[in-house]
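Step one of this worksheet: look at the structure below.
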Ligand SMILES: Cc1cc2nc3c(=O)[nH]c(=O)nc-3n(C[C@H](O)[C@H](O)[C@H](O)COP(=O)(O)O)c2cc1C
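In my numbering, the protein residues as written are 57 to 297.
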């Protein structure tokens, strides 16, 4: 990044051939802005992690549009350090299920601490993961820890976890917006996904996102979210001296 000696930053960028004017935001009256902000809040308020999926098919175009929405997330130094492997092939889903259940068995029987198992208890999860075969799509998100230049040398990437986390958030919101349920699944460790999906060593599985329609009568844990006072503090006025 070059330094900017001009006090009028806007003037500088207007005259810089590497920058474009930005007109991507809708021009809205404040009432409309508030209505849209509230509608979005209401939309995401109703998102839940679902663990019982229907095998009802979902067209690939819908998934593709959601994954492309994820690809619009911001990323450290614009490295876009992500890869999405979108799996609908029943044979691959089965392989993933078998490998994930093997890791999960070891997790529940040996690796998990008592404290962790206690935290998972209200969710009712265990080592059995039938949804990995039943749901129509598994979206495996890979974090690219570094890039590979054309000459094969390593290219440094920045804030890869934060960037991929943001892309995953965009994806979960996009799927929900499209009327699809999702499950953020993290069998640990997930290296088996590199092997099954034939992904290179610079990529680390980040999340396995299961998506599709909920099964008829699917239940979700009766859990609560924090109230806004618990996680937001507004600082509008400068502090009185
Ligand atoms: C990083 C991350 C990892 C998660 N891993 C799992 C998982 O392996 N298995 C599972 O059933 N749920 C998993 N979840 C889902 C959480 O349990 C769920 O988001 C949480 O209980 C809140 O429920 P809600 O999503 O319905 O609001 C994960 C969520 C996140 C964000």
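Every residue, glycine too, gets a C-beta built ideally from N, C-alpha and C.
In this text, all values refer to a predicted model and were calculated from it rather than measured experimentally.
Less than 8 Å separating the beta-carbons of residue 114 and residue 140?
Taking the first residue of the chain shown as 1, we reach residue 114 at position 58. Taking the first residue of the chain shown as 1, we reach residue 140 at position 84. Cβ atoms of residue 114 and residue 140: not closer than 8 Å.
Return the CA-CA distance between residue 147 and residue 125, expressed in angstroms with no decimal places.
Along the chain shown, read from residue 1 onward, the residue named residue 147 stands at position 91. Along the chain shown, read from residue 1 onward, the residue named residue 125 stands at position 69. Those two C-alpha atoms are separated by around 27 Å.
Out of 117, 246, 267, state which residue places its alpha-carbon closest to the alpha-carbon of residue 106.
If you number the chain shown from 1, residue 106 lands on position 50. Comparing Cα positions, the closest option is 267.
Could you tell me the alpha carbon to alpha carbon distance between residue 130 and residue 263, rounded to whole angstroms?
If you number the chain shown from 1, residue 130 lands on position 74. If you number the chain shown from 1, residue 263 lands on position 207. Their Cα atoms are separated by approximately 18 Å.
Residue range of the beta strand (DSSP E) that includes residue 92
Mapped onto the chain shown, residue 92 falls at position 36. Run containing residue 92: none in the beta strand (DSSP E); it sits in the alpha helix (DSSP H), 86-101.
What would DSSP say about residue 248, mapped onto helix, strand or coil?
One-based indexing of the chain shown puts residue 248 at position 192. Three-state result, residue 248: helix.
Can you grab the Cα-Cα spacing for the pair residue 79 / residue 90, in whole Å?
Here residue 79 is taken as the residue at index 23 of the chain shown, counted from 1. Here residue 90 is taken as the residue at index 34 of the chain shown, counted from 1. C-alpha separation (whole angstroms): 20 Å.
Just verifying my parser: in three-state terms, what is the DSSP assignment at residue 279?
In the chain shown, the residue the question calls residue 279 occupies position 223. Coil.
Tell me whether residue 55, by its Cβ, gets closer than 7 Å to a heavy atom of ligand 1.
Look at the range of the chain in this structure, 57 to 297, and you will see that residue 55 is not part of it.
Inter-residue CB distance, residue 201 and residue 282 (contact presumed, cutoff 8 Å):
Within the chain shown, the letter at position 145 stands for residue 201. Within the chain shown, the letter at position 226 stands for residue 282. Rounded, the Cβ-Cβ distance is 32 Å, inconsistent with contact.
Rounded to a whole number of angstroms, what is the C-alpha to C-alpha distance between residue 249 and residue 255?
The count along the chain shown starts at 1 and reaches residue 249 at position 193. The count along the chain shown starts at 1 and reaches residue 255 at position 199. Spanning the two alpha carbons is a distance of roughly 8 Å.
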